[in-house]
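Q:
There are 2 protein chains.
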Amino acid sequence: MTALLLVAHGSRRAASNNEVRHLTDKLREAASDRFEQIECAFLELAEPLIPDGITCCINQGADEVVVLPYFLSAGRHVSEDIPGIIAETQARYPNTTIRIAPYLGESSDIVNTLLDLAIK
Amino acid sequence: MTALLLVAHGSRRAASNNEVRHLTDKLREAASDRFEQIECAFLELAEPLIPDGITCCINQGADEVVVLPYFLSAGRHVSEDIPGIIAETQARYPNTTIRIAPYLGESSDIVNTLLDLAIK
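Going down the list, the protein sequences come from chains A and L.
Quick note: the first sequence uses the numbering used here, first residue 154, plus one each step.
Quick note: the second sequence uses the numbering used here, first residue 154, plus one each step.
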């Protein structure tokens, strides 16, 4: 059973965290056939934090968790903080495969998405 | 003549700012038929800042500038800071139309982009 965990930075502003939760709802609507579970978690400032999000997926039966960084640039959070947290969490759950997908900003789709927004 | 100005937050990390500049190059390759000029600017921490980016577009002949916020959530930067800077800059250039496009996180395309990244 594979879970998708969307990981955002987290904000002091509740509305920003709720945007991530709303996006997670939309991912569920679009991809419930591809992932048995779709959840979100936050690097800091909001809950659940990443390890708790992974634990939640595992408790619900996931044996594979795809962590998807909702970040635009490969800064410290994407290149160091998230991999570090995942490595620690992976050590706690040796029977679960935890994989980090490419971060959002790395997608070549972004160019067309931006142009669509600009032209609207 | 219409210019597209991609506006990112800006980072102390040069590589993150260069990711934005590289994305701007890709926008140019993809949309030089739709925008005579495509530039980037930063809210803070990197150059050019937004007013300087707009001035650059106008000096190169733009009479319309589309400002595209490269942000994932409608936090204070998107809802207050960028509109405030644009209003001040617009007042300096009454003969130029400056329009703020929807921010990236508002695009409905993001769902499919994320799923493509998760499945790869």
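Just so it is clear, CB atoms sit at the ideal spot from N, CA and C, and this is done for glycine as well.
Note that the structure is a prediction, hence the values are computed from the model and not measured.
So is D178/A in contact with chain L if we call contact Cβ pairs under 8 Å?
A: Not one chain L Cβ lies under 8 Å of D178/A.
Q: Between V220/L and I253/L, how many whole angstroms is the CB-CB distance? I'm expecting something under 8 Å.
A: Correct: roughly 5 Å between the Cβ atoms.
Q: According to a CB-to-CB cut-off of less than 9 Å, which residues of the region 247 to 261 of chain A neighbour chain L?
A: If the cut-off is 9 Å between Cβ atoms, the region 247 to 261 of chain A has A254, P255, Y256, L257, G258, E259, S260, S261 near chain L.
Q: List the residues that DSSP assigns as beta-bridge partners of A194/A.
A: Partner(s): V160/A.
Q: Any beta carbon of chain A sitting closer than 8 Å to that of S226/L?
A: Closer than 8 Å to some Cβ of chain A, the Cβ of S226/L qualifies, so yes.
Q: Report yes or no: do the region 170 to 185 of chain L and the region 254 to 269 of chain L share at least 3 C-beta pairs separated by less than 8 Å?
A: With a cut-off of 8 Å, the region 254 to 269 of chain L and the region 170 to 185 of chain L do not count as touching, because too few Cβ pairs lie within range.
Q: Would you report the Cα separation of T250/L and I207/L, rounded to the nearest angstrom?
A: If I take the Cα positions, the gap works out to 11 Å.
Q: Classify S185/A: buried if its beta carbon has 16 or more other beta carbons within 10 angstroms, exposed otherwise.
A: Exposed.
Q: Tell me, please, whether the region 187 to 206 of chain A touches the region 220 to 236 of chain A by the rule of three or more beta-carbon pairs shorter than 8 Å.
A: Flag = yes, the region 187 to 206 of chain A and the region 220 to 236 of chain A touch.
Q: Taking only the alpha-carbon atoms, compute the straight-line gap between T155/L and R187/A and give it to the nearest angstrom.
A: Using only the alpha carbons, I get a separation of about 42 Å.
Q: Would A240/A pass as an interface residue toward chain L - the criterion being a Cβ-Cβ separation below 8 Å?
A: Answer no: the Cβ-Cβ gap between A240/A and chain L never drops below 8 Å.
Q: Three-state secondary structure (DSSP) at T250/L?
A: T250/L: strand per DSSP, three-state reduction.
Q: Below 7 Å on C-beta distance, what does A184/A contact in chain L?
A: Going along chain L in sequence order, the residues near A184/A (Cβ under 7 Å) are L268.
Q: Which residues, in order along the region 207 to 220 of chain A, keep a beta-carbon less than 7 Å from a beta-carbon of chain L?
A: If the cut-off is 7 Å between Cβ atoms, the region 207 to 220 of chain A has V219 near chain L.
Q: Tell me whether the beta-carbon of V160/L lies closer than 8 Å to the beta-carbon of I272/L.
A: Taking 8 Å as the Cβ cut-off, V160/L and I272/L do not qualify as a contacting pair.
Q: Under 8 Å between C-beta atoms, does V264/A make it to chain L?
A: It does: the Cβ of V264/A has a partner Cβ on chain L nearer than 8 Å.
Q: Per DSSP, L202/A forms a beta bridge with which residues?
A: DSSP, once it has assigned bridges, lists F195/A as partnering L202/A.
Q: Could you compute how far the alpha carbon of E241/A sits from the alpha carbon of P201/L?
A: Rounded to the nearest angstrom, the two C-alpha atoms are 39 Å apart.
Q: So, with DSSP's three-state summary, where would you put E189/A?
A: Coil, per DSSP.
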